[in-house]
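Put into structure tokens, the structure is as follows:
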């Protein structure tokens, strides 16, 4: 353990007039564990370190800066506990993982900077990264239903790389007016494959080989347009997926396509975030 950290932890306790047993009780560890921290035998994790600094009235960022030569004193640079946790996780990654995180971080910093510059220059849009995903043309009926088949060929559509597209498995077009004013005829929506939805969710459903976009209600599937009746829950209904939201397409001239490395990083990030491994909820 860093000698400076050992010294500061021990001195901080002494300056506060606290016994090791008292501090150990406050942070939920054994007395000999705290003794090991102060003797340099072991070191606390980041949460415990921050708790000790809080008890002793010390600034964790300042101490870490002195300990590791980060020179944070006298500057606007401030390391928050949550940021220190990220650094700790980053160090646990292998080179490939660190490279992936660095790529995504650089891309996000660039995106935010472009948005900031766009507002400063009085423009309404920046150059947002995009990618291509599976697209079904106007097969989600917001009316009387249209046919959809699992083996139906799909096209691809270029969409902005954002939180919704990150979660979605495909894009589908809306056909009809039964979901107005939420979704209008001709609009496109993101869909995440899911077999069970909760009441209030909007989803894509198969009913007698016809495809619908509806809201899940207590007694069946609901249209937002009052002129359409509820589809009874007694029907043979199969859930295809959850509608996440509308696809907002920008001016193609202001879109730059994500590189193959970007697609790879997105897919890796999507897997790490667990977007595909969520637990399905029961009604």
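Numbering (our numbering), first residue to last: 1299 to 1581.
The C-beta atom is built at its ideal place from N, Cα and C for all residues, glycine as well.
Everything numeric in this text was worked out from a predicted model, so none of it was measured.
Only buried fits residue 1473, as 16 or more other CB atoms lie within 10 angstroms of its CB. Beyond the five residues adjoining it in sequence on each side, residue 1354 comes within less than 6 Å, by CB distance, of 1310, 1314 in the same chain, given in chain order. Across the set 1404, 1463, 1344, the C-alpha of 1463 shows the shortest separation from the C-alpha of residue 1431. In the DSSP secondary-structure assignment, residue 1458 is bridged to 1428.
For residue 1354, the enclosing alpha helix (DSSP H) stretches over residues 1344-1354. From the listed residues 1427, 1350, 1343, 1500, the smallest Cα separation to residue 1384 is found for 1343.
Here the alpha carbon of residue 1347 sits roughly 12 Å from the alpha carbon of residue 1327.
By the criterion of a C-beta distance shorter than 6 Å, residue 1482 is surrounded by no residue of its chain, once the five residues flanking it on both sides are discounted.
Within the model, the alpha-carbon separation for residue 1307 versus residue 1363 is close to 15 Å. Cβ contact annotation for residue 1486 (same chain, cutoff 6 Å, sequence separation greater than five): 1469, 1471, 1545, in chain order. In the three-state reduction of the DSSP assignment, residue 1528 falls in the coil class, being assigned neither a helical nor a strand state. 1498 is the residue among 1511, 1498, 1508, 1507 whose C-alpha sits nearest the C-alpha of residue 1517. Within 10 angstroms of the beta-carbon of residue 1303 lie 16 or more other beta-carbons, which makes it buried.
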